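A.B. asks: Whatever position you read off the sequence shown (first residue = 1), add 2 for UniProt numbering.
We treat Cβ as the ideally placed atom computed from N, Cα and C, and that holds for glycine.
Keep in mind that this is a model prediction, so the values were computed, not measured.
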Amino acid sequence: YKTLGIIGAMDEEVERFLLRMDGNVETVKAGIRFREGEWNGKRVIVCKCGVGKVNAAVCTQLLIDGFGVEAIVFTGVAGAVHPELNIGDIVVSTDLLQHDMDVTPLGFEKGVIPYAGESVFPADPTLVEAAVAAGESLYPGLTRTGRILSGDQFVANRDVVAGLYREHQGACVEMEGAAVAQVCRMNGTPFVVLRSMSDKADGSAHVNFPEFTKLAAERSAAIVERMLGVM
Ligand code: ADE
Numbered sequence: 003y004k005t006l007g008i009i010g011a012m013d014e015e016v017e018r019f020l021l022r023m024d025g026n027v028e029t030v031k032a033g034i035r036f037r038e039g040e041w042n043g044k045r046v047i048v049c050k051c052g053v054g055k056v057n058a059a060v061c062t063q064l065l066i067d068g069f070g071v072e073a074i075v076f077t078g079v080a081g082a083v084h085p086e087l088n089i090g091d092i093v094v095s096t097d098l099l100q101h102d103m104d105v106t107p108l109g110f111e112k113g114v115i116p117y118a119g120e121s122v123f124p125a126d127p128t129l130v131e132a133a134v135a136a137g138e139s140l141y142p143g144l145t146r147t148g149r150i151l152s153g154d155q156f157v158a159n160r161d162v163v164a165g166l167y168r169e170h171q172g173a174c175v176e177m178e179g180a181a182v183a184q185v186c187r188m189n190g191t192p193f194v195v196l197r198s199m200s201d202k203a204d205g206s207a208h209v210n211f212p213e214f215t216k217l218a219a220e221r222s223a224a225i226v227e228r229m230l231g232v233m
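(1) According to the neighbour-count rule (16 or more other Cβ atoms, all chains shown, within 10 Å of its Cβ), is leucine 196 buried or exposed?
(2) Alpha carbon to alpha carbon, how far is alanine 207 from alanine 164?
(3) Using the Cα positions of valine 75 and aspartate 102, report the straight-line distance between them to the nearest angstrom.
(4) What is the DSSP secondary structure of asparagine 88, counted as helix, strand or coil?
(5) With distance defined between alpha-carbon atoms, name the residue in Gly109, Ala180, Val157 and Val226 nearest to valine 48.
(6) Out of Phe123, Leu99 and Gln184, which has the shortest C-alpha to C-alpha gap to glycine 153?
(7) Can you grab the Cα-Cα spacing for the pair asparagine 26 / isoleucine 8, in whole Å?
(8) For glycine 137, collect the residues of the same chain with a Cβ closer than 6 Å to its Cβ; drop the 5 residues on either side in sequence, then sort them by chain order.
(9) Just how far apart, CA to CA, sit valine 232 and phenylalanine 156?
(10) Apart from the five residues on each side of it in sequence, which residues of its chain come closer than 6 Å, Cβ to Cβ, to arginine 18?
(11) Identify whether cysteine 186 lies in helix, strand or coil by the three-state DSSP scheme.
(12) So, at 6 Å on beta carbons, what are the nonlocal neighbours of alanine 32 in its own chain, with the 5 sequence-adjacent residues on each side left out?
(13) Could you check the C-alpha separation between valine 83 and lysine 55 for me, to the nearest Å?
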């Protein structure tokens with residue numbers, strides 16, 4: 003890929019790239035700041051999309067239409083859903099689903115988008131492989147692949163987590179990835195989502211999140227940076 007989009011939801015998640023990227027062309031669209039520069043001979047566009055699926059979707063479409071990105075990498079933090087995941091561990095998306103999509107009264111399964119071609123959005127296998135390799139080389143034993151669940155809610159309840167694991171076999175939960183994934187699939191743009199765990203989406207999440215977001219966000223971004231070196 004010659005042109006790559008990198009998205010994070012919060013400042014901590016994209017800081018690394020904004021600080022180290024060569025070139026500083028900045029464009030603001032829909033209130034989102036896009037920073038364009040060069041990294042390892044590639045054209046890279048970095049942006050903070052803001053929290054939630056709508057922000058993520060708008061940002062993704064703008065990257066595709068306005069900047070001609072050929073692939074998108076999302077980097078950030080998430081709440082652990084898989085029981086074996088600890089704070090700081092890393093999940094690379096195999097596929098993503100919007101867990102708050104609920105049309106069950108009409109007979110659709112939870113998470114299914116009615117009349118859509120697909121509701122579980124697969125990440126690009128080559129990007130997944132590159133992310134796993136980069137994760138393993140930087141933080142041995144801490145990286146796994148899995149399904150990432152997204153919804154417009156901060157999950158902070160043990161029973162909700164258990165339900166998400168049971169119903170969707172999710173590895174972790176966050177608020178943007180599956181929106182990026184859907185928009186990328188609608189446009190035929192390859193993508194992958196990387197998330198490091200800031201909390202366990204349980205009763206301690208509101209304490210753990212502010213405590214561990216910096217560490218987790220830095221790990222995810224460090225892996226993306228390593229990935230860029232080999233892509
Ligand atoms: N991002 C980080 N932790 C999260 C949680 N517990 N729920 C939703 N998004 C998150």
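C.D. replies: In short, the structure shows the following:
(1) Buried is the call here.
(2) 14 Å
(3) Here the alpha carbon of valine 75 sits roughly 23 Å from the alpha carbon of aspartate 102.
(4) coil
(5) When only C-alpha atoms are compared, the closest one is Val226.
(6) Leu99
(7) 15 Å
(8) Ile92, Thr145 and Ile225
(9) 34 Å
(10) Closer than 6 Å at Cβ, skipping near neighbours: Ala223.
(11) helix
(12) Excluding residues up to 5 positions away in sequence, Val60 lie with their Cβ nearer than 6 Å to the Cβ of alanine 32 in the same chain.
(13) Valine 83 and lysine 55 have their C-alpha atoms roughly 19 Å apart.
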